[in-house]
Amino acid sequence: MKSHIPRKRFGQNFLHDTQVIQAIISAIAPKSKQHIVEIGPGTGALTRPLLESNCQLDVIELDRDLIENLKKLQLRIFNKDVLKFDFKELMTTDLPLRIVGNLPYNISTPLLFHLLKYQDDIMDMTFMLQKEVVDRMIAAPASSEYGRLSVMLQYHCQIEKLFDVSPDAFTPAPKVDSSIVQLIPYSEPPVMINDHKYFVRLVTSAFAQRRKTLRNNLKNLLDITDIEAAGINPQARAETLTLQQFAQLANYEKT
Ligand code: SAM
Numbered sequence: 031m032k033s034h035i036p037r038k039r040f041g042q043n044f045l046h047d048t049q050v051i052q053a054i055i056s057a058i059a060p061k062s063k064q065h066i067v068e069i070g071p072g073t074g075a076l077t078r079p080l081l082e083s084n085c086q087l088d089v090i091e092l093d094r095d096l097i098e099n100l101k102k103l104q105l106r107i108f109n110k111d112v113l114k115f116d117f118k119e120l121m122t123t124d125l126p127l128r129i130v131g132n133l134p135y136n137i138s139t140p141l142l143f144h145l146l147k148y149q150d151d152i153m154d155m156t157f158m159l160q161k162e163v164v165d166r167m168i169a170a171p172a173s174s175e176y177g178r179l180s181v182m183l184q185y186h187c188q189i190e191k192l193f194d195v196s197p198d199a200f201t202p203a204p205k206v207d208s209s210i211v212q213l214i215p216y217s218e219p220p221v222m223i224n225d226h227k228y229f230v231r232l233v234t235s236a237f238a239q240r241r242k243t244l245r246n247n248l249k250n251l252l253d254i255t256d257i258e259a260a261g262i263n264p265q266a267r268a269e270t271l272t273l274q275q276f277a278q279l280a281n282y283e284k285t
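Here's what the structure looks like:
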């Protein structure tokens, strides 16, 4: 391939460390008769070893300049923005999707939320992300990393951090550490939520201003007596609440 100058605006940090690449492929454990979707294949560091498994592979890549080289491989290419991509488009068989990728860090949070819309069609997701984002995804209540991302993702998926990757595994080296994380969407959510839209609104409002109490942050949704009647202390901060307690608040119905 003629040399490609990495584009910062597309979050291009290409993997070159073969041990790291091998460890990621082992974590994914691709098999034939599986439908794998790689987000941001770039110059193909993960794409080529994925293909060795004979899996069915689709790739979504925004940078037009990287497409020509990918055309030589046995895969379907979608030259599109993954944030606007309709994953239903890929569901040409009954096989659930296994989504993987060394993600562009600048879009990781909106991308995770976009993918949750398709969770019924997804078997699992294995991603390289900024370590700090992975720490927020898996954070437990009462820790400084715990927030909206932790609550929303832990409601939808079982999440496991697999290992960290240092900046020198990439060209160019990013300024931050990275981690590999695996997400498995739940078929049954760990808590029951009556109205999902309201749950999203409530969690977002609860964390709107981290230093403020629930009483303040939830002012437009619930008053003190409602919060107490739901069994929650109105003086508490959102970062201390478990997923179960968020469900209690979201399911509380005013009488
Ligand atoms: N997989 C390659 C690797 O590991 O070396 C490249 C990873 S690089 C961190 C991220 C890739 O995502 C780049 O190829 C970039 O062009 C692509 N990308 C960035 N934004 C994208 C978007 N919105 N939709 C699809 N691909 C995107």
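Every number in our numbering is 30 more than the matching position in the sequence shown, counting from 1. Just so you know, even glycine gets a beta-carbon here, dropped at the ideal spot from N, CA and C. These numbers come from a predicted model, not from an experiment.
For Asp256, the enclosing alpha helix (DSSP H) has its first and last residue at Ile254 to Ala259. Judged by DSSP in its simplified three-state form, Ile214 adopts strand. Excluding the 5 residues flanking it on each side, Leu179 has same chain C-beta neighbours closer than 8 Å at Thr139, Leu142, Val163, Arg166 and Met167, in chain order. Judged by beta-carbon spacing, Ile54 lies within the 9 Å limit of Met158, meaning their Cβ atoms are closer than that value.
Counting only the Cα atoms, Pro171 lies some 26 Å from Lys284. In the displayed model, Val67 falls within a strand according to three-state DSSP. At the C-beta level, Phe200 and Ser208 come within 9 Å of one another. If you ignore the 5 residues before and after Gln239, its C-beta comes within less than 8 Å of the C-beta of Asn246 and Asn247, all in its own chain and listed in chain order.
Counting only residues of its own chain and dropping the five nearest sequence neighbours on each side, Asp111 has a CB closer than 7 Å to the CB of Leu92.
For Phe117, the Cβ stays outside the 8 Å cut-off from all heavy atoms of ligand 1. Using a Cβ distance threshold of 9 Å, Val233 and Val181 count as a contacting pair. In the DSSP annotation of this structure, the continuous segment of the beta strand (DSSP E) that includes Asp194 starts and ends at Cys187 to Val195.
CA-to-CA, the gap between Gly70 and Gln184 works out to about 25 Å. Listed in chain order, the non-local C-beta contacts of Leu213 below 6 Å within the same chain comprise Met155, Cys187 and Ile189, local neighbours out to five positions each way being set aside. Within the same chain, Val67, Asp88 and Leu127 come within 7 Å of Leu120 by CB-CB distance, once the 5 residues on both sides are set aside.
Partner residues in the beta bridge of Phe157, as assigned by DSSP, are Gly131 and Val211. Secondary structure of Asp151 (DSSP, three-state): helix.
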